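Number of protein chains: 2
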Amino acid sequence: MNTTQRADPQTSADRRRRELLEAADRVVLRDGPHASMNAIAAEAGITKPILYRHFGDKGGLYAALAVRHTDALLASLRAALDAPAERRQRVEATLDTYLAAIEARPQVYRFLMHPADGGTAPGDQSEQGFDVGRHSAPLLRRMGEELAQVIEERLDVGPGTQQLARVWGHGIVGMMHAAGDWWLGERPCPREELVRSLADLLWGRLAEAGDKAGGPGF
Amino acid sequence: MNTTQRADPQTSADRRRRELLEAADRVVLRDGPHASMNAIAAEAGITKPILYRHFGDKGGLYAALAVRHTDALLASLRAALDAPAERRQRVEATLDTYLAAIEARPQVYRFLMHPADGGTAPGDQSEQGFDVGRHSAPLLRRMGEELAQVIEERLDVGPGTQQLARVWGHGIVGMMHAAGDWWLGERPCPREELVRSLADLLWGRLAEAGDKAGGPGF
DNA sequence: GACTCGGGGTTACCGCAAGTAACATGCACG
DNA sequence: CGTGCATGTTACTTGCGGTAACCCCGAGTC
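Respectively, the protein sequence lines represent chains B and X. Be aware that the first sequence starts at 23, since it is given in my numbering, and climbs by one per residue. Be aware that the second sequence starts at 23, since it is given in my numbering, and climbs by one per residue.
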């Protein structure tokens, strides 16, 4: 270890990396996900090649950015999920936490939801074009897995619980995401109402509801 | 009207437009959503400016492409939604139709799920950067609205039905989407099982399930 | 027949962003 | 001193979206 003026390169590089991420964050949040590497470099007071040395390519930088925000959001979701209360209460709290987050910082949300887009590099010929479905943003996947784990740990639905938990985890997250996205765009109702409606859906109110008179029933 | 050799320009332009869309479809399905305008033009046997004359810009072309596929998928979903059967049956049929579609043609699916991305043109200064949430692919929105309408028409859940229907419509579509995306990537189970699990979720099995012994409950 | 007119087409270009050499500088260590 | 290494820069290449300017040819008109 070097204790003179020159800090050891590991720590120094890490600090620099964090600074660069801060700058990138500012730019991306200001200009949207299409911010250019030049712009980010300028904001950080340096030039492009340094960014590339640190993050490889644009995808790398964005991935690093996404991890930061994703971690933060996941942490608060976990807190809501772990609160000591009735199940329904906790589900509502989790929904509300997520919605409050995307409401408070839609730019972050929009950035995080951008699909990875870095799967197939130019000139890939191992697979013809792209075959897999894997399209969703990493955030959605991570939230889905996280929720799946919580469900599996705490719920007992007989045999096949594990499988069911994963399906439900991803399904619920998707429900939350799509409804939230729509709500954020149209703002048709206050947040609590949305939360209640979604929880009602999960509580089977759709299945129980009566048919409207006259129609063939739903 | 001109009945000589020269067809009237309207019809002719429409035919040409369809041909161009066919070509674009082939390329996009082969190369992914990043297919270049040059490549598409080449596939159609012409050059770029013609594409721009017909579709304005890349977004226009992609929108036209998306509308075609979206219409097709929506039509088959509507059929499943309208089949004469029990509610649960119909829900399962609809889920299965969607999943079968994305399973059969993941490239189309992936293309359709790409967010519009054309909202904020370069140089937009009416809003600072981007504020709204509106991120999801048009397909998701349209499916959500469609389902919402069906729910509202056929279900009676007392006052506020309309609002509830829209929330549920978008929520259910999102659930279907996220679960389908995950399933398509990992293939952890056969399709019918996924369908059953999702329907179970909508039928409130999560809410009814018992806590696992020992934990604080979920 | 000469002359314009308009649709379909092309070449050649602009601007811009990602990514990459290749070169320059400062600081520690032998 | 010279070597190594991290840090930084300028200047370039490549590829894409988008456009301007020109071209060709069949049709109608005088």
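Here a beta-carbon is modelled for each residue, glycine too, at the ideal position from N, C-alpha and C. Predicted, not measured: the structure shown is a model, and the values here were computed from it.
Compare the C-alpha of residue i against each of the options and name the closest.
i, options, result
"Q129 (chain B)", "B:M59, B:L95 and B:D53", "B:D53"
"Q184 (chain X)", "B:E214, B:S219, B:V113 and B:A187", "B:S219"
"T36 (chain X)", "X:V50, X:A61 and X:A86", "It should be pointed out that residue 36 (chain X) corresponds to Asp in this sequence rather than to Thr. Among X:V50, X:A61 and X:A86, the Cα nearest to that of D36 (chain X) belongs to X:A86."
"D233 (chain B)", "X:L177, X:W204, X:E215 and X:K234", "X:L177"
"T92 (chain X)", "X:E174, X:L161, X:L186 and X:R188", "X:L161"
"V113 (chain X)", "X:N60, X:W225, X:S34 and X:R127", "X:W225"
"H136 (chain B)", "B:R40, B:P55 and B:R163", "B:P55"
"K80 (chain X)", "X:I173, X:V50 and X:G182", "X:V50"
"A187 (chain B)", "X:G82, X:I68, X:R164 and X:A229", "X:A229"
"S158 (chain X)", "X:E174, X:E175 and X:F133", "X:F133"
"I83 (chain X)", "X:A45, X:L99, X:L96 and X:L95", "For the sequence presented, residue 83 (chain X) should be read as Leu rather than Ile. Residue X:A45 is the option with its Cα nearest to L83 (chain X)."
"A221 (chain B)", "B:L96, B:Q111, B:L43 and B:T69", "B:Q111"
"G207 (chain B)", "B:L42, B:Y131 and B:E108", "B:Y131"
"V189 (chain B)", "X:A94, X:R48, X:L96 and X:C211", "X:C211"
"I124 (chain X)", "X:E108, X:L96 and X:L42", "X:L96"
"A126 (chain X)", "X:G202, X:A231, X:A57 and X:R227", "X:G202"
"S98 (chain B)", "B:A107, B:A115 and B:A66", "B:A115"
"R109 (chain B)", "B:I173, B:E215 and B:L43", "B:I173"
"P181 (chain B)", "X:A57, X:V217 and X:A231", "X:A231"
"R90 (chain B)", "B:E215, B:R227 and B:E41", "B:E41"
"R163 (chain X)", "B:R164, B:W204 and B:R163", "B:W204"
"V179 (chain B)", "X:N60, X:A64, X:R227 and X:A88", "X:R227"
"T69 (chain X)", "X:F77, X:G78 and X:M59", "X:M59"
"R38 (chain B)", "B:L216, B:V217 and B:G67", "B:G67"
"A64 (chain B)", "B:R48, B:G78 and B:L216", "B:R48"
So with CB distances below 8 Å, who are the chain B contacts of residue i?
i, result
"G166 (chain X)", "A200 and W204"
"R163 (chain X)", "W204"
"L177 (chain X)", "L228, A231, G232, D233, K234 and F240"
Using the beta-carbon of each residue, which ones in chain B are nearer than 9 Å to residue i?
i, result
"E65 (chain X)", "The contacting residues do not exist; E65 (chain X) stays about 14 Å from chain B at best."
Determine the chain B residues that contact residue i at a beta-carbon separation under 7 Å, and present them in chain order.
i, result
"L186 (chain X)", "S219"
"H157 (chain X)", "R132, M135 and D203"
"L216 (chain X)", "V189"
Starting from the beta carbon of residue i, find every residue of chain X whose beta carbon is closer than 9 Å, and list them in chain order.
i, result
"P210 (chain B)", "Q185, R188 and V189"
Name, please, each residue of chain X whose Cβ falls closer than 8 Å to the Cβ of residue i.
i, result
"M197 (chain B)", "G193, I194, G196, M197 and A200"
Return yes when the C-beta of residue i is under 7 Å from any heavy atom of the ligand ADP, and no when it is not.
i, result
"R90 (chain X)", "Looking at this structure, you won't find the ligand ADP or any other ligand, since it has none at all."
*So, do the stretch 183–197 of chain X and the stretch 190–198 of chain B have three or more beta carbon pairs nearer to each other than 8 Å?*
With a cut-off of 8 Å, the stretch 190–198 of chain B and the stretch 183–197 of chain X count as touching, because enough Cβ pairs lie within range.
*asked:* Closer than 8 Å is the cut-off here; do at least three beta carbon pairs connect the stretch 91–106 of chain X with the stretch 167–184 of chain X?
replied: Counting C-beta pairs with one atom in each stretch, the stretch 91–106 of chain X and the stretch 167–184 of chain X have three or more that are closer than 8 Å, which means they touch.
*Going along the chain, which residues of the stretch 81–95 of chain B sit with their C-beta nearer than 8 Å to a C-beta in chain X?*
Answer set for the stretch 81–95 of chain B: empty.
*Short-range partners of chain B found in the stretch 221–235 of chain X, where Cβ spacing is below 8 Å*: Listed by position, the residues of the stretch 221–235 of chain X near chain B (Cβ gap below 8 Å) are D222, L223, L224, W225, G226, R227, L228, A229, E230, A231, G232, D233, K234 and A235.
*Report the residues of the stretch 98–113 of chain B with a CB closer than 9 Å to any CB of chain X, ordered along the chain.*
Shown in chain order are the members of the stretch 98–113 of chain B whose Cβ falls below 9 Å from a Cβ of chain X: L103, D104, P106, E108, R109, R110, R112 and V113.
*asked:* In chain order, what are the residue ranges of uninterrupted alpha helix (DSSP H) at least 4 long that sit wholly in the stretch 39–65 of chain X?
replied: Fully enclosed alpha helix (DSSP H) runs of no fewer than 4 residues occupy 59–65 of the stretch 39–65 of chain X, in order along the chain.
*Does the stretch 112–129 of chain B come close enough to the stretch 59–78 of chain B to have 3 or more Cβ pairs within less than 8 Å?*
Verdict: no, contact absent.
*asked:* If we require 4 or more residues per run, which alpha helix (DSSP H) segments fall completely within the stretch 146–204 of chain X?
replied: Within the stretch 146–204 of chain X, complete alpha helix (DSSP H) segments of at least 4 residues are found at 160–176, given in chain order.
_Any alpha helix (DSSP H) of 4 or more consecutive residues that is wholly inside the stretch 95–129 of chain B_ = The qualifying runs are 109–126.
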